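Going from the sequence shown to this note's numbering is simple: count from 1 and add 35.
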Amino acid sequence: MQEKLKGLLQIVFAIFIVIVVFYASKYIEHFSTLGYFGVFIISLIGNATILLPAPSWVLVFSLGGVLNPYLVGIAAGVGSGLGEITSYIAGRGASHLAHVDERFEKYKDWIRKNDLIAIGLLAAIPNPLFDVAGLAAGSIGINMWRFLIACIIGRTFRYIILAYAGSMWPDALRFLTNSF
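In structure tokens:
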């Protein structure tokens, strides 16, 4: 009974975070004027939702052309990774409430053994269903710190590339307009 209550409280907490994020999203424009801190906050907010996509990558791409793209990528990666904790917590809570399919049981050991690589790669590639990976990681009991570290590393890699692409965009446009 106590495990079910714990699971239910974790899910309620994750839903509460999603609701707070939904209402805080009205202030995203304001956060974008705050430079690197704004990138961090918007990435955190954009990734704290569960299965509701928020295009924080647009800001990363745009500010990569205005601010240092390396620092934009780091701020976005750390914020994004921290935001993904909500899906992990929801998965943790669901593990106490739901029965796991036997087919999934076969893969649990492999996932646990390769958690850093699997989570890091899934976080690095543009993947709208990454929340499912967070839910799964939480539900099978992957260490939260390992999940967080792998997620931050993968997302930082992705956002540094995206910010650098944004920093090169004006030059690419100039090249294209002057060439034709």
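Don't be surprised by glycine CBs; every beta carbon is placed ideally from N, CA and C. Predicted model only: the values in this text are computed from it and were never measured.
With contact defined as three or more Cβ pairs closer than 8 angstroms, the segment 170-187 and the segment 116-125 are in contact.
Counting C-beta pairs with one atom in each stretch, the segment 88-107 and the segment 148-155 have fewer than three that are closer than 8 angstroms, which means they do not touch. Straight through space, the alpha carbons of G81 and Y71 are spaced by roughly 15 angstroms. Distance between I184 and T84, taken at the CA atoms: about 19 angstroms. Using a 10 angstroms sphere on the CB of D166, the tally of other CB atoms reaches 16 or more, which defines it as buried.
Taking 8 angstroms as the cut-off, the beta carbon of R190 is found closer than this to the beta carbon of G112.
The alpha-carbon separation between F96 and S202 amounts to approximately 8 angstroms. DSSP places G169 in the helix class (H, G or I) of the three-state scheme. At a Cβ-Cβ threshold of 8 angstroms, G118 and V74 do not count as neighbours. In this structure, DSSP gives L69 a state outside helix and strand, which the three-state scheme calls coil. Of the candidates P163, A159 and W204, the residue whose Cα lies closest to the Cα of I187 is A159. Bounds of any alpha helix (DSSP H) do not take in P161, whose DSSP letter is neither H nor E. Distance between G176 and K148, taken at the CA atoms: about 12 angstroms. Straight-line measurement puts the Cα of T68 at about 30 angstroms from the Cα of L157.
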